[in-house]
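Keeping their order, the protein sequence lines are chains A and B. According to my numbering, the first sequence holds residues -11 to 235 in order. According to my numbering, the second sequence holds residues -11 to 235 in order. The beta-carbon is built from N, C-alpha and C at its ideal position, and this holds for glycine as well. Data block below; observations after.
Protein chains: 2
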Amino acid sequence: MSYCVAIKVNQGLVFASDSRTNAGVDHIATYGKMHTFDLKKDRFVFLLSAGNLATTQAVVNLIERDLTSSEAKVNLNTVGYLFDAAHYVGQISVGVQEEHRDFVRKSGINVEASFILGGRIQGKPHDIFLIYPQGNYINASPETPFLQIGETKYGKPILDRVISSDTSLEDAARCALVSIDSTMRSNIAVGPPIELGIFRKEELAMAHRLSLNPSSPLYATIQKGWSEGLRRAFRRLPRFDWETGAD
Amino acid sequence: MSYCVAIKVNQGLVFASDSRTNAGVDHIATYGKMHTFDLKKDRFVFLLSAGNLATTQAVVNLIERDLTSSEAKVNLNTVGYLFDAAHYVGQISVGVQEEHRDFVRKSGINVEASFILGGRIQGKPHDIFLIYPQGNYINASPETPFLQIGETKYGKPILDRVISSDTSLEDAARCALVSIDSTMRSNIAVGPPIELGIFRKEELAMAHRLSLNPSSPLYATIQKGWSEGLRRAFRRLPRFDWETGAD
């Protein structure tokens, strides 16, 4: 499993991912799931990936090959809209899965993969898209300003409570870190380091990129601060009638 | 879906459940999932249920019939240990599922159900058991003092952070409420009212039983207090370097 989340706020985009891959409990490895590409100066695109590692690696390889190959009919530099980019990645993903499906199905392995693609093309708004294993995709909306792939449930409640379109980029980034940290505490298929990217809408490059291990001072302070804050919030919850002697 | 949680602490037991059942989005109903039984004075047993409603209702009906039927070889009044009770409920559950499995499978419906059984029999310690759809069961341990069934993931992080064996009964109860409330905010298949039971180990009866709607003053205060506490915890998280002008 993996866990990736992208958040679209008015100021820009935040995207974050864990780095654990596992094919059974005795085959655990660390792989980055955050991909950026060397594109023309009028655009910035990132890709987060979850699912079958062979599929996601093949998809990233093909995207990069298309950027330099003269035979590619479309690539991330030629698309006019971000949704074109999402469509393009969806088609590559379906093609890769299709190629291996029959062989792999016999061994009971799932070759499916999901992606979150986001960024901005000059003159157009910033956005994020969730690309399903079937190749179709949805984008975020003002009412649903975040998208998740992989092991999504543990980290959703904090996003539901904190994130709205006018959340600041830094608060959205802190929320993404807490969301991934909560998931890591509850599910061993999600693990460090956490990769975090921050994109300001007025720039066409990543503003900040961090790779955080539990030993990183920032991560350790956020983890400790959040644990203490939760315990403090918990201690302040109202008492039951019988605790206050009212019964 | 449903969400039920039971917590075993040194002082006793807390058990809680939501009340929504759904068979598709246009077939939503409210059913209690917390069951207690009229037993001999030397024992207290509760049952939480999740899964196919026809299965869980049949299981409860059969448990109650066995309590009055002279033909029953075993019932909740005759078992000598709580794990005997878990075994007995598991056998009933498997029998009910087996009876309907062939017919129901043809219509693509899942008749599986899970249960949490807990309580105490005089002279023996209090405990909780998770009964799988296959009829086998596990109990809680000092390292894992809570058990969950149904839609378990959204509400697990707060349990992971707060609950240990020496948590007070009331704190465990507040944590169960927060865990179910978080789940309800993130998943519409889990809904109010929240039923909450508290059992003190030195008594052989339920100490407190509450049914909480979002409009109940206690629930509303806990919900508001928790939201505010989370936001406060969130505001106190450390800043990134670039926010403090360090870069």
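In angstroms, rounded to a whole number, what distance separates the CA positions of residue 214 of chain A and residue 199 of chain A?
For this step, residue 214 of chain A is matched to residue 226 along the first sequence. For this step, residue 199 of chain A is matched to residue 211 along the first sequence. Put simply, the backbone Cα of residue 214 of chain A is about 19 Å away from that of residue 199 of chain A.
Do the CB positions of residue 185 of chain B and residue 123 of chain B come within less than 7 Å of each other?
For the purposes of this step, residue 185 of chain B is taken as the residue at position 197 of the second sequence. For the purposes of this step, residue 123 of chain B is taken as the residue at position 135 of the second sequence. No, the Cβ-Cβ distance between residue 185 of chain B and residue 123 of chain B is not below 7 Å.
Find the nearest neighbour of residue 29 of chain A within the set A:221, A:224, A:194, judged by alpha-carbon distance.
Here residue 29 of chain A refers to the residue found at position 41 when the first sequence is read from its first residue. If we check each option's Cα against that of residue 29 of chain A, A:194 comes out closest.
Would you mind telling me which residues of chain A sit closer than 8 Å to residue 210 of chain B, beta carbon to beta carbon, in chain order?
Numbered from its first residue, the second sequence carries residue 210 of chain B at position 222. Within 8 Å Cβ-Cβ: 225, 226.
The region 172 to 195 of chain A: which residues have C-beta closer than 9 Å to a C-beta of chain B, in chain order?
173, 174, 175, 186, 195
I'd like to know whether the C-beta atoms of residue 174 of chain B and residue 146 of chain B end up nearer to each other than 7 Å.
Translated into positions along the second sequence, residue 174 of chain B becomes position 186. Translated into positions along the second sequence, residue 146 of chain B becomes position 158. Not in contact: residue 174 of chain B and residue 146 of chain B (Cβ atoms no closer than 7 Å).
Comparing alpha-carbon positions, which option in B:-1, B:-3, B:9 lies nearest residue 182 of chain B?
Against the second sequence, residue 182 of chain B aligns to sequence position 194. Among B:-1, B:-3, B:9, the Cα nearest to that of residue 182 of chain B belongs to B:9.
Alpha carbon to alpha carbon, what distance is there between residue 117 of chain B and residue 108 of chain B?
To locate residue 108 of chain B, count along the second sequence from 1; it is residue 120. To locate residue 117 of chain B, count along the second sequence from 1; it is residue 129. Whole-angstrom Cα-Cα distance: 12 Å.
Can you list, in chain order, the residues of its chain with a C-beta nearer than 7 Å to that of residue 192 of chain B? Leave out the 5 residues immediately preceding and following it.
Looking up residue 192 of chain B in the second sequence gives position 204. Around residue 192 of chain B: 29, 30, 31, 32, 108, 110.
Have a look at residue 76 of chain A and residue 4 of chain A and give me their C-alpha separation to the nearest angstrom.
Looking up residue 76 of chain A in the first sequence gives position 88. Looking up residue 4 of chain A in the first sequence gives position 16. Rounded to whole angstroms, residue 76 of chain A to residue 4 of chain A spans 22 Å at the Cα level.
What does the alpha-carbon distance come out to for the pair residue 38 of chain A and residue 120 of chain A?
One-based indexing of the first sequence puts residue 38 of chain A at position 50. One-based indexing of the first sequence puts residue 120 of chain A at position 132. For residue 38 of chain A and residue 120 of chain A, the distance between alpha carbons rounds to 10 Å.
Where do the N-terminal and C-terminal ends of the beta strand (DSSP E) with residue 260 of chain B fall, by residue?
A question about residue 260 of chain B goes unanswered here, because the residues of chain B that appear run from -11 up to 235.
Measuring only the C-alpha atoms, how far is residue 152 of chain B from residue 100 of chain A?
To locate residue 152 of chain B, count along the second sequence from 1; it is residue 164. To locate residue 100 of chain A, count along the first sequence from 1; it is residue 112. So the alpha carbons of these two residues sit roughly 38 Å apart.
From the DSSP output, in three-state form, read off residue 70 of chain B for me.
Residue mapping note: residue 70 of chain B aligns to position 82 of the second sequence, counting from 1. Helix, per DSSP.
May I ask you to list, following chain order, the residues of the region 143 to 157 of chain A that have a beta carbon less than 7 Å from some beta carbon of chain B?
144, 145, 148, 149, 150
Considering only their Cβ atoms, is the gap separating residue 197 of chain B from residue 0 of chain B smaller than 7 Å?
Along the second sequence, read from residue 1 onward, the residue named residue 0 of chain B stands at position 12. Along the second sequence, read from residue 1 onward, the residue named residue 197 of chain B stands at position 209. No, they are not a contact pair.
Note down, in chain order, each residue of its chain lying with its Cβ closer than 6 Å to the Cβ of residue 210 of chain B, except the 5 sequence neighbours on either side.
Counting from one through the second sequence, the residue named residue 210 of chain B turns up at place 222. 165, listed in sequence order.
Output the distance between the C-alpha atoms of residue 228 of chain B and residue 155 of chain A, rounded to the nearest integer angstrom.
Counting from 1 along the second sequence, the entry for residue 228 of chain B is found at position 240. Counting from 1 along the first sequence, the entry for residue 155 of chain A is found at position 167. Roughly 16 Å separates the two Cα atoms.
For residue 60 of chain B, I'd like the list of residues in its chain whose CB is within less than 6 Å of its CB, leaving aside the five on either flank, ordered along the chain.
Looking up residue 60 of chain B in the second sequence gives position 72. Closer than 6 Å at the Cβ level, and outside the excluded window around residue 60 of chain B, lie 54.
Where does residue 151 of chain A sit, in a helix, a strand or coil, going by DSSP?
As a first step, residue 151 of chain A is located in the first sequence; it is residue number 163 there, counting from the start. Residue 151 of chain A falls in the coil class under three-state DSSP.
Looking at residue -7 of chain B: is its Cβ nearer than 7 Å to the Cβ of residue 160 of chain B?
Against the second sequence, residue -7 of chain B aligns to sequence position 5. Against the second sequence, residue 160 of chain B aligns to sequence position 172. No; because the gap between Cβ atoms is not below 7 Å, this pair is not in contact.
Examine the Cβ distances between the region 85 to 93 of chain A and the region 124 to 144 of chain A and report whether three or more of them are shorter than 8 Å.
no
What residues from the region 20 to 38 of chain B come within 7 Å of chain A, judged by C-beta to C-beta, listed N to C?
Listed by position, the residues of the region 20 to 38 of chain B near chain A (Cβ gap below 7 Å) amount to none.
Suppose the cutoff is 6 Å on Cβ atoms and the five residues either side in sequence are ignored; what does the same chain contact list for residue 50 of chain A look like?
Taking the first sequence and counting its residues from 1, the one referred to as residue 50 of chain A is at position 62. 80.
Between residue 58 of chain A and chain B, is any beta-carbon pair separated by less than 7 Å?
Residue mapping note: residue 58 of chain A aligns to position 70 of the first sequence, counting from 1. Answer no: the Cβ-Cβ gap between residue 58 of chain A and chain B never drops below 7 Å.
Should residue 83 of chain A and residue -11 of chain A be called a contact, given that it needs their Cβ atoms to be closer than 7 Å?
Reading the first sequence from its first residue, position 95 is the one you call residue 83 of chain A. Reading the first sequence from its first residue, position 1 is the one you call residue -11 of chain A. Cβ distance not < 7 Å, so residue 83 of chain A and residue -11 of chain A don't count as in contact.
Give me the residue from A:18, A:217, A:48 with the minimum Cα distance to residue 6 of chain A.
As a position in the first sequence, residue 6 of chain A is number 18, starting the count at 1. Cα-wise, what sits closest to residue 6 of chain A is A:18.
Between residue 235 of chain B and residue 226 of chain A, what straight-line distance do the alpha-carbon atoms span, to the nearest angstrom?
Taking the first residue of the second sequence as position 1, residue 235 of chain B is located at position 247. Taking the first residue of the first sequence as position 1, residue 226 of chain A is located at position 238. Low local confidence applies: a pLDDT of 48 at residue 235 of chain B is under 50, so the model's placement there is unreliable, with the coordinate-based value given in what follows. About 42 Å.
Buried or exposed: which applies to residue 112 of chain B, given that a residue is buried once 16 or more other Cβ atoms fall within 10 Å of its Cβ?
What you label residue 112 of chain B is simply residue 124 of the second sequence in a count that begins at 1. Burial call: exposed.
Does DSSP classify residue 229 of chain A as helix, strand or coil?
Locating residue 229 of chain A in the first sequence gives position 241, where the first residue counts as 1. Reduced to three states, the DSSP call for residue 229 of chain A is helix.
In terms of residues, what are the limits of the alpha helix (DSSP H) holding residue 172 of chain A?
On the first sequence, residue 172 of chain A is found 184 positions in, with the first residue counted as 1. Per DSSP, residue 172 of chain A belongs to the alpha helix (DSSP H) from 157 to 174.
Ends of the alpha helix (DSSP H) at residue 215 of chain B?
To locate residue 215 of chain B, count along the second sequence from 1; it is residue 227. Note, residue 215 of chain B: alpha helix (DSSP H), 205 to 223.
Closer than 7 Å, CB to CB, is residue 235 of chain A near chain B or not?
Taking the first residue of the first sequence as 1, we reach residue 235 of chain A at position 247. Caution is warranted here: a pLDDT of 49 is assigned to residue 235 of chain A, below 50, making its placement in the model unreliable, and the coordinate value is therefore given only provisionally. The Cβ of residue 235 of chain A sits no closer than 7 Å to any Cβ of chain B.
Residues of chain A with a CB under 8 Å from the CB of residue 134 of chain B: which are they?
Taking the second sequence and counting its residues from 1, the one referred to as residue 134 of chain B is at position 146. Going along chain A, no residue has its Cβ under 8 Å from residue 134 of chain B, so there is no contact; the nearest lies around 12 Å.
I need the DSSP call for residue 235 of chain B, collapsed to helix, strand or coil.
Translated into the one-based positions of the second sequence, residue 235 of chain B becomes position 247. The pLDDT assigned to residue 235 of chain B is 48, lower than 50, so where the model puts this residue is not dependable, and the model offers no usable value.
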